[in-house]
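What follows is one structure encoded as structure tokens, with my remarks underneath.
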Amino acid sequence: MDTRQVGQAFASIERFRGTACRECQSRQTVPLLYEGVVVVSCENCGGATRMGRLAQSAPATA
């Protein structure tokens, strides 16, 4: 991925910010991108919830 594609990927996961934590129901959550998978991390309890794979908006570059 080039710099533009990385920026687009992180911008697309922002919709998960504030998602309710499955463990404590807090909305103090932050979306993260780890190896193509969106994970929501809770700042309140430290839990993490896998939200699924990020849909590729552009083909990967070699």
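Count along the sequence shown from 1, then add 97; that gives the number in my numbering.
C-beta: ideal position from N, C-alpha, C; glycine also.
Just so it is clear, the structure is predicted and the values come from calculations on it, not from any experiment.
Residue i - DSSP class collapsed to helix/strand/coil
i, result
"Arg124", "coil"
"Gly149", "strand"
Same chain, Cβ closer than 8 Å to residue i, five either side skipped, listed in chain order
i, result
"Arg144", "It is worth fixing the name first, because residue 144 is Gly in this sequence and not Arg. Hits under 8 Å: Cys118, Arg119, Glu120, Cys121, Ser138."
"Arg124", "Gly115, Thr116, Ala117, Cys118"
Exposure label - residue i; buried when at least 16 CB within 10 Å
i, result
"Val135", "buried"
"Thr100", "exposed"
Close beta carbons around residue i, own chain, < 7 Å, minus the five adjacent residues each side
i, result
"Pro128", "Ile110, Glu111, Phe113, Arg114, Val135, Val137"
"Gly133", "Arg150, Leu151"
Same chain, Cβ closer than 6 Å to residue i, five either side skipped, listed in chain order
i, result
"Cys142", "Glu120, Cys121"
Below-7 Å beta-carbon distance, residue i vs any chain B residue
i, result
"Cys142", "The displayed structure is made up of one protein chain only, and chain B is not part of it."
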